[in-house]
Amino acid sequence: MLMTYLEASRNLCETDSILFGAALAVCRIIGAKLPMTGRATRQSSAIPAWRKRIEDRIAKARVLIGRLICFKSGNNRPRIVRTVRMAFAGKNVSLSQSDITQKLTERIDDLKQKIAAWGKRIRRYTERSTRFNQNRLFQIDQKRLYESLERLIVSGTGPAPNQANTVAFWRGLLSEPVNHSEGPWTEVVKVSVRV
């Protein structure tokens, strides 16, 4: 059956397509696992896996803090209670204890400290990576480094305002008389300026 299709193919692209289809059919028949399409050509993500894991931990900790705060403020829904029980699993803490608010506060503070530590770890990595890339770029091409640094400074300025609007704004601001409360310190400044 394959020979009839191959003999009928007119160019290399059709032949390739026929052979690929045959190989795919054979793999399905024998039950071989195929890689996801495009996996071989897709580049790896620029964000390291450990950083994604830390960001996931931070997100989960923030959700847990929110639910602990909800429970502390009196929200006793089953999902919130279940989350609080899981937060204190293995710590021999009962939700009916008299000092549960103190335990909740301690757990919330503990989670906030962990989030801060994880965030600092990511920040240290980012700063180190930036320094490393800038040093390498300085050794290779100093002009490109300085251009990239200038772009970082200029990028926050945004578009320039309309000149007519700017002039109208300052004329309106400076032409209107305003009564200021003159304190005794203004006299001291006037005297020191004259000297």
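Read in numbering that gives the first Met the number 0, the sequence shown has 192 at position 193, and its numbers run on one by one without any break. Where a beta carbon is used, it is the ideal one built from N, C-alpha and C, also for glycine.
Run of the alpha helix (DSSP H) containing residue i, from where it starts to where it stops
i	result
phenylalanine 70	48 to 71
valine 177	Segment: none, valine 177 is in no alpha helix (DSSP H) and carries neither H nor E.
asparagine 134	99 to 139
serine 16	11 to 29
proline 5	Residue identity check: residue 5 is leucine in the sequence provided, not proline. Where leucine 5 is concerned, the enclosing alpha helix (DSSP H) stretches over 1 to 7.
lysine 189	183 to 193
arginine 203	A question about residue 203 goes unanswered here, because the residues of the chain that appear run from 0 up to 194.
Beta carbon of residue i nearer than 9 Å to that of residue j
i	j	result
alanine 88	arginine 106	no
isoleucine 79	lysine 111	no
glutamine 96	lysine 90	no
isoleucine 53	arginine 120	yes
alanine 60	lysine 113	yes
glutamine 162	leucine 144	no
valine 92	arginine 66	no
serine 147	leucine 136	yes
Residues near residue i in its chain [Cβ-Cβ closer than 8 Å; skip 5 each side]
i	result
threonine 100	Lys71
threonine 3	none
leucine 11	none
7 Å Cβ shell around residue i - same chain, five flanking residues per side excluded
i	result
serine 8	Thr14, Ile17
Residue nearest to residue i in terms of C-alpha spacing, selected from the options
i	options	result
alanine 24	Lys51, Glu146, Leu1	Leu1
tryptophan 117	Ile57, Arg27, Gly30	Ile57
threonine 125	Ser191, Gly20, Pro47, Leu33	Pro47
aspartate 108	Thr129, Ile68, Leu136, Phe137	Ile68
Chain-order list of residues whose beta-carbon lies under 6 Å from that of residue i (same chain, five-residue window excluded)
i	result
tryptophan 184	none
alanine 39	In this prediction, alanine 39 has a pLDDT of 49, which is less than 50 and means its spatial position is unreliable; what the coordinates show is noted afterwards. No residues qualify anywhere along the chain.
alanine 21	Leu1
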